[in-house]
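Colleague: With the first sequence counted from 1, adding 2 to any position gets you the working numbering. Below is a structure I'd like to ask you about.
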Amino acid sequence: MALDLKNTLNLPETAFPMRGNLVEREPARIEHWEKLDLYGKIQAKNAAGPSFILHDGPPFTNGDLHLGHALNKTLKDTILRFKWMQGYNAPYIPGWDSHGLPIEHKVSRELQETGRTDYTAIEVREACAKFADKYRLSQREQFKRLGVLADWDNEYWTIHPEYEATELETFASFVEKNIVYRSKKPVYWSIPCATALAEAEIEYRDHKSVSIYVKLGLSAEALKALALEEPASVLIWTTTAWTLPANMAVSVNPKIEYSAIKTSNQGTVIVATALRDAVIEACNLEDPETINTFLGTAMEKLEARHPFIDRPSPILLADYVTTESGTGCVHTAPGHGQDDYITGINNGIEVYCPLDDNGNYVDDGQVPAELVGLSVLDDGKISEANRGVLKIIAQNGSLIAKKTITHSYPHCWRSKTPVIFRAMDQWFIALDKGGDRKLALDALKDVTFIPAWGEKRIRAAVESRPDWCISRQRTWGVPIPAFYNEDGEAFIDADVIRAIAKKVAVSGTNIWFEQTAAELLEGITLPEAWPTTDLLKSGTDTLDVWIDSGTSHRAVLQKRNNLSWPADLYLEGSDQHRGWFQSSLWTSVIADKAAPYKTLLTHGFVVKEDGTKLSKSDGAARPLPEWIQSYGADVVRLWICSQDYRNDVPVSDKIVRNVSNSYRNLRNTLRFQISNLFDFDATTDAVPLADLNAIDQWVLNELAQLVRKVTEAYQAYEFHRAFKDIIDPFCANVLSATYHDILKDRLYTCAPNDPLRRSSQTAISIIFSVLTRLVAPLIPHTADEAWSYAQNDSDFTDEPIALSDWPNVDSAWDQPAVAADIRALRSFLSEKLNDSLEQLRQDKAIGQSLDAKATITGSLSDPEFARLKRYESDLPELFILSQVTVVEDVTATDISVVVAHADGVRCPRSWRWVPVLVETGTWGAVSPRCAEALKQISQTTK
RNA sequence: GGGCCCUUAGCUCAGUUGGUUAGAGCAUCGUGUUGAUAACGCGGGGGUCGGUGGUUCGAGUCCACUAGGGCCCA
């Protein structure tokens with residue numbers, strides 16, 4: 003019988019599952035979108051809309067995606083989904099970056115393992131391309147699985163022939179501006195392999211070296227400046243005697259104190275005071291006596307003489323000089339060391355390096371004749387070069403001590419021999435010569451930075467970077483289109499490059515490695531000064547890969563019809579201030595005289611829950627597919643969008659599980675709404691907004707505020723605020739704890755067509771439609787799922803939510819007066835009633851709140867009481883009690899409340915307590931209101 | 001070592017121009033309901049705002065220093 007009565011209730015009905023089961027169900031939805039060509043439909047819908055160009059920074063295709071990729075791509079996808087719903091014409095062309103050392107290095111190792119060593123450049127490049135493509139494809143699938151909607155079939159790729167051609171054309175414009183020049187710069191060099199090495203190709207191993215102390219005599223002026231009366235030397239210490247022929251200077255620290263020490267066996271020598279005793283011992287200095295001390299600055303620009311070549315070796319200041327070892331006076335050979343190089347550049351010293359590719363001293367008129375032709379390769383035994391140099395300095399007395407030491411030294415990963423640091427001709431872009439640095443800094447003024455401090459960061463990077471070294475001695479990259487004659491003289495020309503770019507556009511840059519210079523230049527008019535093509539060889543250097551991705555704005559935005567330049571938005575991790583943001587800025591400023599972006603948005607890095615960085619062994623560093631496999635894409639996305647990405651973004655299973663709880667609440671909120679609309683057809687059942695019940699007016703007023711605040715947060719790209727600050731509390735407080743809780747009684751117990759019920763259903767259907775769209779960019783799968791169920795009670799719809807418009811506020815929702823009343827009444831409940839109700843519950847006097855009644859007493863002169871009186875008939879519903887009596891007492895100074903168990907009998911249908919039940923016959927005894935509802939139900943079913 | 005940035009309850013976030021007992025959601029504990037039920041309601045506990053020292057009648061909110069953390073350089 004009770005069951006029969008239950009059947010007369012309008013209980014919620016829906017097939018929308020309570021649990022998302024995202025891991026299993028999301029893929030089908032993604033497939034459905036693809037079948038519908040959802041991306042294409044969106045573009046078609048918005049074709050005439052305002053333009054918004056988000057230019058994708060290309061991920062490097064060398065492995066699985068991780069959460070950092072998810073963070074970046076989810077933010078982009080969320081922004082675009084929002085913009086699309088707002089009607090923007092916003093094509094999204096995803097990009098991929100593939101040239102560069104990480105792939106070449108990995109592929110080279112794999113090729114090595116086959117035992118062959120004679121791979122041609124083309125073979126290496128083809129293996130790299132294959133490797134890159136494999137990961138491009140798997141990354142693409144992983145992004146799709148995240149729910150990222152994009153023009154996946156028209157991606158841009160830095161190794162596409164057209165892309166490479168544009169890159170070369172861009173480079174041609176640099177050459178044309180006459181800012182591309184050649185200069186020496188030291189690189190790691192493997193003598194047996196006759197090749198330059200990258201940092202990653204170096205292994206540190208222990209090596210035995212001869213360390214030596216060498217005197218460099220001071221000039222007469224120098225002695226005078228240091229108030230020394232007798233001849234004196236600066237004393238240097240080095241472990242690479244073979245670099246002495248390239249010694250061009252001595253570096254000292256300006257802030258360190260130095261001592262001039264007079265000795266009976268080595269004359270006067272100058273060393274850092276802190277190292278005085280150590281040097282005296284190591285060099286057996288006899289009768290040492292400090293005759294003067296001074297700071298390093300005192301020696302600036304003073305002249306020392308090279309120990310065995312007739313040239314000056316000036317004393318320079320350098321902050322990197324320490325007193326940890328040696329003498330505090332550092333042998334400086336700009337052609338053989340990174341620090342030395344920078345010191346040399348800063349002081350206008352030649353980057354001198356008298357070595358050929360085989361590591362032998364060349365005859366340049368400066369290297370002593372007895373050294374010419376000797377090899378510097380120090381493999382197992384002392385090199386010829388070291389022995390030769392030691393002999394010279396021992397003979398002329400400048401060597402005052404030597405000792406064999408074992409230390410960690412870089413070795414070639416392939417030949418296992420010690421590498422040398424050797425200056426080679428490199429290509430550079432001059433950044434000041436054409437005024438480009440100033441232009442770049444000016445261009446930044448027109449860029450909007452999110453967060454604002456990004457400007458400081460990129461500005462500092464732009465201000466401080468030296469001329470851009472753009473050549474790499476690598477194979478897997480875009481070749482530097484330069485030619486060389488027999489003497490190594492370089493020929494480069496903008497028009498020639500453009501002509502080659504045309505060929506590259508068709509055949510790719512592989513032709514550079516397949517064809518001879520003559521073949522490459524066939525049909526191309528050469529500048530008059532060039533030799534004939536049979537005398538030229540094409541260069542083997544490739545361009546810095548930052549030129550690859552850094553020219554994407556030209557290769558993509560400027561080349562494609564549906565895009566435009568500059569971009570409205572670039573969005574990447576904060577490391578890109580010195581990476582892609584900067585390389586793009588330079589290429590753009592040089593070639594196009596303006597920044598390629600209007601807004602620059604950066605996010606932080608994914609870190610562990612304690613804020614420290616993720617290392618490979620951390621569980622949280624597992625690949626993205628594994629995260630999606632355990633939580634589903636929407637939960638991963640919601641995790642991302644619930645965090646303030648401007649700072650670092652912490653992650654742990656605990657944190658994601660936490661988000662998962664919020665997700666469940668949101669999902670159930672939507673489910674509750676769908677299920678209570680099962681018999682509601684807006685076209686026939688909707689109640690005019692003006693006629694809505696007070697509580698429904700209140701909730702629409704809340705909804706209006708929600709839409710305004712959420713839209714504002716989205717526009718500011720502050721998704722964590724949209725969700726955490728606004729949507730999450732709205733679902734929990736306004737809906738779950740208040741509105742839905744109140745509504746259950748009328749939705750379930752009223753007659754289906756009761757105006758009160760239809761009023762609430764009208765409001766619910768509006769809320770559902772709005773709320774679902776508000777969360778659609780954040781959790782696209784779930785929003786689309788709910789949208790489908792609301793339409794046809796099944797999984798899919800041909801009108802996905804992504805095709806709908808962003809919700810606007812209907813001014814009729816704004817009912818501030820009613821809303822203020824309802825809000826005040828609910829506050830009254832929580833502040834004045836809930837404590838007593840809770841007490842009754844604790845005392846087991848009542849169970850659910852409908853078991854209780856309240857009596858409120860006060861004076862009508864009190865506006866709060868007056869309001870209670872005004873809403874007296876609504877109060878049982880608003881407070882979810884069976885009876886509320888508002889009693890006027892003119893003498894009352896305060897509002898008093900008495901709560902007790904409700905009177906009368908409990909209606910078995912509505913569970914409300916009423917004075918008496920009414921006999922209905924068929925259904926037994928129920929409350930009068932239920933009796934009336936049952937009467938209507940039986941009439942409509944007849 | 002340098003540049004930029006971060007530090008509020010167990011977790012993720014709010015805290016307007018400095019001003020009453022620092023808020024929310026989740027988690028936790030207790031409890032109600034069994035007509036949103038692997039769901040929902042009600043209630044409790046839990047931060048003195050990384051630390052120290054200043055400015056001020058008054059500071060999470062301004063200044064200095066310091067500790068820890070992140071990105072990028074060296």
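Glycine included, C-beta positions come from ideal geometry on N, C-alpha and C. What you are looking at is a predicted structure, and each value in this text was computed from that prediction instead of being measured.
Are Ile824 and Ile697 touching if we call contact CB-CB under 8 Å?
Modeller: yes
Colleague: What are the start and end residues of each continuous alpha helix (DSSP H) run of 4 or more residues lying completely inside the stretch 231–256, in chain order?
Modeller: Whole alpha helix (DSSP H) segments, 4+ residues: zero.
Colleague: Tell me Gln428's beta-bridge partners as DSSP assigns them.
Modeller: Ser185
Colleague: Where does Val179 fall in DSSP's three states?
Modeller: At residue 179 the sequence reads Lys, which differs from the Val that was named. It is coil, neither helix nor strand.
Colleague: Quick one: measure Cβ to Cβ for Ser261 and Val273, integer angstroms, because I've assumed they're closer than 8 Å.
Modeller: About 6 Å separates the two Cβ atoms, so the contact holds.
Colleague: On the three-state DSSP scale, how would you describe Trp913?
Modeller: The three-state reading of DSSP puts Trp913 in coil, since its state is none of H, G, I, E or B.
Colleague: Report the three-state DSSP secondary structure of Tyr486 (helix, strand or coil).
Modeller: It is a strand residue.
Colleague: With a CB to CB cut of under 6 Å and the five nearest residues on each side skipped, what residues in its chain are close to Phe798?
Modeller: His34 and Ser790
Colleague: Less than 8 Å between the CB atoms is what I'm expecting for Tyr599 and Tyr633, so what's the real figure, rounded?
Modeller: Not confirmed; about 33 Å, so no contact.
Colleague: Only counting runs of 4 or more residues, tell me where the alpha helix (DSSP H) segments fall wholly within the stretch 647–677, in order along the chain.
Modeller: For the alpha helix (DSSP H) assignment, the uninterrupted runs of no fewer than 4 residues enclosed by the stretch 647–677 are, from N- to C-terminal side, 655–677.
Colleague: Measuring only the C-alpha atoms, how far is Ile351 from Ala335?
Modeller: Straight across, the Cα-Cα distance linking Ile351 with Ala335 is about 10 Å.
Colleague: Taking Arg328 as the reference, give the member of Val508, Val281, Asp342 and Ser473 with the closest Cα.
Modeller: The sequence given here has Gly at residue 328, not Arg. The option with the nearest alpha carbon to Gly328 is Val281.
Colleague: Mind checking Met87: buried by the 16 CB within 10 Å criterion, or exposed?
Modeller: buried
Colleague: In chain order, what residues of the same chain lie with their CB nearer than 6 Å to the CB of Asp795, ignoring the 5 residues before and after it?
Modeller: Ala17
Colleague: Under 8 Å, with one C-beta from each stretch per pair, do the stretch 160–178 and the stretch 549–563 reach the 3-pair mark?
Modeller: yes
Colleague: With C-beta atoms as the reference, is Thr751 less than 8 Å away from Arg911?
Modeller: Yes, the Cβ-Cβ distance between Thr751 and Arg911 is below 8 Å.
Colleague: Do Ser586 and His605 have their CB atoms nearer than 8 Å?
Modeller: no
Colleague: Taking the alpha-carbon positions, what's the Arg21 to Gln793 distance?
Modeller: 19 Å
Colleague: Taking C-alpha atoms, which residue in Gly581, Asp543 and Glu15 lies nearest to Ser551?
Modeller: Distance check between Ser551 and each of Gly581, Asp543 and Glu15 places Gly581 closest, using alpha-carbon atoms only.
Colleague: Can you check whether the CB of Arg476 is closer than 8 Å to the CB of Glu169?
Modeller: no
Colleague: Among all the DSSP beta bridges, which residues are the ones paired with Tyr260?
Modeller: Among the bridge pairs identified by DSSP, Tyr260 is matched with Ala274 and Phe296.
Colleague: Roughly how many whole angstroms lie between the Cα atoms of Leu538 and Glu491?
Modeller: 10 Å
Colleague: From Glu787, Leu528, Arg931 and Gly367, pick the residue whose C-alpha is nearest to that of Ala30; which is it?
Modeller: Glu787
Colleague: Going by C-alpha distance, which of Asp864, Lys726, Asn695 and Trp244 is nearest Tyr741?
Modeller: Among Asp864, Lys726, Asn695 and Trp244, the Cα nearest to that of Tyr741 is on Asn695.
Colleague: Buried or exposed for Lys937, please, with buried defined as at least 16 other CB atoms from any protein chain shown within 10 angstroms of its CB.
Modeller: exposed
Colleague: Hey, Ile431 and Asp469 are a contact pair by Cβ (cut 8 Å); roughly how many whole angstroms apart?
Modeller: 6 Å
Colleague: May I ask which residues mark the beginning and end of the alpha helix (DSSP H) holding Lys458?
Modeller: Gly456 to Ser466
Colleague: Span of the alpha helix (DSSP H) holding His107?
Modeller: Counting along the chain, the alpha helix (DSSP H) containing His107 begins and ends at Leu103 to Gln114.
Colleague: With a threshold of 8 Å, are at least 3 pairs of Cβ atoms found where one atom belongs to the stretch 146–158 and the other to the stretch 421–435?
Modeller: At 8 Å Cβ cutoff, the stretches do not touch.
Colleague: Can you tell me whether Met3 is buried or exposed? The criterion is at least 16 other CB atoms within 10 Å of its CB, across all chains shown.
Modeller: Because Met3 sits at a pLDDT of 44, beneath the cut-off of 50, its placement in the model cannot be relied upon, and the following sentence gives the value as read from the coordinates. An exposed status is given to Met3, since fewer than 16 other beta-carbon atoms sit within 10 Å of its beta-carbon.
Colleague: Identify every residue that forms a DSSP beta bridge with Thr119.
Modeller: DSSP, once it has assigned bridges, lists no residue as partnering Thr119.
Colleague: What does Val886 pair with, by DSSP beta-bridge criteria?
Modeller: Ala856
Colleague: Which residues in the same chain as His101 place their Cβ atom closer than 7 Å to its Cβ, once the five residues preceding and following it in sequence are excluded?
Modeller: Thr160, Ile161, Trp478, Gly479, Val480, Val547 and Asp550
Colleague: What does DSSP give as the partner residue(s) for Asn362 in the beta ladder?
Modeller: Ser377
Colleague: Could you check how far apart the C-beta atoms of Ile214 and Ala496 are, in whole angstroms? I think they sit under 8 Å.
Modeller: At roughly 49 Å, the Cβ-Cβ gap does not stay under 8 Å, so Ile214 and Ala496 are not in contact.
Colleague: Taking the alpha-carbon positions, what's the Ala46 to Lys561 distance?
Modeller: 20 Å
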